[in-house]
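S.K.:
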Amino acid sequence: MSTSREFAPPTTTGKARTDGRPRRLVDGVPPSWSATAYADALDAGRGPLFLRRTDGWLLPLEVERWCAAADAADMSVLERCEGTVLDIGCGPGRLVAALGARGLPALGIDVSEAAVAHTIRLGGRALCRSVFDPVPGEGRWSTALLLDGNVGIGGDPVALLDRVTRLVAPGALLIAETVPVDVDERAHVRIVHLAGAQGGAGTPFPWARLGTPALVRYAAQAGWHLEAQWTTGGRCFVALRSRRTSSSAEPANSTAVMSSQRARKPSADRPVANR
Ligand SMILES: C[S@@+](CC[C@H](N)C(=O)[O-])C[C@H]1O[C@@H](n2cnc3c(N)ncnc32)[C@H](O)[C@@H]1O
Numbered sequence: 001m002s003t004s005r006e007f008a009p010p011t012t013t014g015k016a017r018t019d020g021r022p023r024r025l026v027d028g029v030p031p032s033w034s035a036t037a038y039a040d041a042l043d044a045g046r047g048p049l050f051l052r053r054t055d056g057w058l059l060p061l062e063v064e065r066w067c068a069a070a071d072a073a074d075m076s077v078l079e080r081c082e083g084t085v086l087d088i089g090c091g092p093g094r095l096v097a098a099l100g101a102r103g104l105p106a107l108g109i110d111v112s113e114a115a116v117a118h119t120i121r122l123g124g125r126a127l128c129r130s131v132f133d134p135v136p137g138e139g140r141w142s143t144a145l146l147l148d149g150n151v152g153i154g155g156d157p158v159a160l161l162d163r164v165t166r167l168v169a170p171g172a173l174l175i176a177e178t179v180p181v182d183v184d185e186r187a188h189v190r191i192v193h194l195a196g197a198q199g200g201a202g203t204p205f206p207w208a209r210l211g212t213p214a215l216v217r218y219a220a221q222a223g224w225h226l227e228a229q230w231t232t233g234g235r236c237f238v239a240l241r242s243r244r245t246s247s248s249a250e251p252a253n254s255t256a257v258m259s260s261q262r263a264r265k266p267s268a269d270r271p272v273a274n275r
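For the sequence shown, UniProt numbering begins at 1 and goes up steadily by one.
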């Protein structure tokens, strides 16, 4: 998701979708990111695709950028990554692929089967898995990524940060992208193609948008401290460091992390709604 753009007022300029293709849902997964509209956009490599708030405001999703190769702003993140890297909500996998090309062991997880398939086609490792479900290498990841607006996953940043804390090793790095303005917003959204922007296709799911101050505040509650923040290419990033002590501290082990991967369907991508 673009973090450099704001929710915009609804538009009426979209044309109706006429391809007549059936809407397919992934078994057992609520029709949010698993919705066909997202899969179709990833297949096409382009939008227009939006998160539509229940009040009609639209947040453009930067499908074209996500489907392209990692750019200079992405590289500013990747060059800070340490050890084993977990890309949470990896989308079509440009970051996982670029990390692999740099020789860093990386795994992408995503609730969208289409996104996982794209990542694997790029040569990356990926699992169709919700971040809130069991993940290989729990407690041992050296770096976690929450980019492209993924701090919004689940619509409850405190719960997400708490989950990430349990996924990574003590002293690990979390690199997250924030909205370039000071917002702390929760909303229910649907994924809509421009044509569906007025109709409200799909089931609403919780999402969040955070500027750096809000993210740093919530991260501190979860035991993370701010190590760096930077802006490049109109995008804002923070690097957070987790506490260096844990009762169950284990060293990161890339072999164990990677060899424990098994394909499994996600059970949920809406932790707030399901709790
Ligand atoms: C805003 S998009 C970001 C795309 C991505 N970072 C990229 O590089 O293309 C959010 C992504 O997170 C995924 N996602 C949503 N909820 C998730 C969850 N609970 N666990 C894992 N991935 C999730 C979506 O399927 C989607 O691919």
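Every residue gets a Cβ at the ideal spot worked out from N, C-alpha and C, and that includes glycine.
What is the DSSP secondary structure of THR143, reduced to helix, strand or coil?
M.R.: Of the three classes helix, strand and coil, the one that applies to THR143 here is strand, per DSSP.
S.K.: Can GLY47 and LEU58 be called in contact, C-beta distance under 8 angstroms?
M.R.: No, the Cβ-Cβ distance between GLY47 and LEU58 is not below 8 angstroms.
S.K.: Return the residue from the list THR165, GLY234, TRP230 that minimises the CA-CA distance to ALA222.
M.R.: Out of THR165, GLY234, TRP230, THR165 has the C-alpha closest to the C-alpha of ALA222.
S.K.: Are the CB atoms of VAL151 and ALA126 within a distance shorter than 8 angstroms?
M.R.: Taking 8 angstroms as the Cβ cut-off, ALA126 and VAL151 do not qualify as a contacting pair.
S.K.: Within the continuous beta strand (DSSP E) that includes THR36, where are the two ends?
M.R.: Careful: THR36 lies outside any beta strand (DSSP E), inside the alpha helix (DSSP H) at 36-44.
S.K.: Could you tell me which residues DSSP puts in a beta bridge with VAL168?
M.R.: Answer is TRP141.
S.K.: Would you identify the three-state DSSP class for TRP57, choosing helix, strand or coil?
M.R.: Of the three classes helix, strand and coil, the one that applies to TRP57 here is coil, per DSSP.
S.K.: Flag TRP66 as yes when its Cβ comes closer than 7 angstroms to any non-hydrogen atom of ligand 1, and as no otherwise.
M.R.: Within the cutoff, so yes.
S.K.: Checking 8 angstroms against the spacing of the C-beta atoms, do ALA101 and VAL85 come in under that value?
M.R.: Taking 8 angstroms as the Cβ cut-off, ALA101 and VAL85 do not qualify as a contacting pair.
S.K.: Any chance the stretch 78-93 sits against the stretch 114-121, with 3 or more Cβ pairs inside 8 angstroms?
M.R.: Yes: at least three Cβ pairs fall under 8 angstroms.
S.K.: If you draw a straight line from the C-alpha of GLN229 to the C-alpha of SER242, how long is it?
M.R.: About 15 angstroms.
S.K.: Using a threshold of 7 angstroms, is the CB atom of ARG235 nearer than that to any non-hydrogen atom of ligand 2?
M.R.: Ligands present in the displayed structure are limited to ligand 1, and ligand 2 is not among them.
S.K.: Based on the DSSP secondary-structure assignment, which residues constitute the bridge partners of VAL111?
M.R.: According to DSSP, which records beta bridges pairwise, VAL111 is partnered with nothing at all.
S.K.: Mapping the DSSP letters down to three states, classify GLY124 as helix, strand or coil.
M.R.: Note: GLY124 maps to coil in three-state DSSP.
S.K.: Starting from ASP74 and walking both ways along the alpha helix (DSSP H), at which residues does that stretch end?
M.R.: From DSSP, the alpha helix (DSSP H) with ASP74 extends over 72-78.
S.K.: To the nearest whole angstrom, what separates the beta carbons of ASP162 and PRO213, a pair I think is in contact under 8 angstroms?
M.R.: Not a contact, Cβ separation roughly 19 angstroms.
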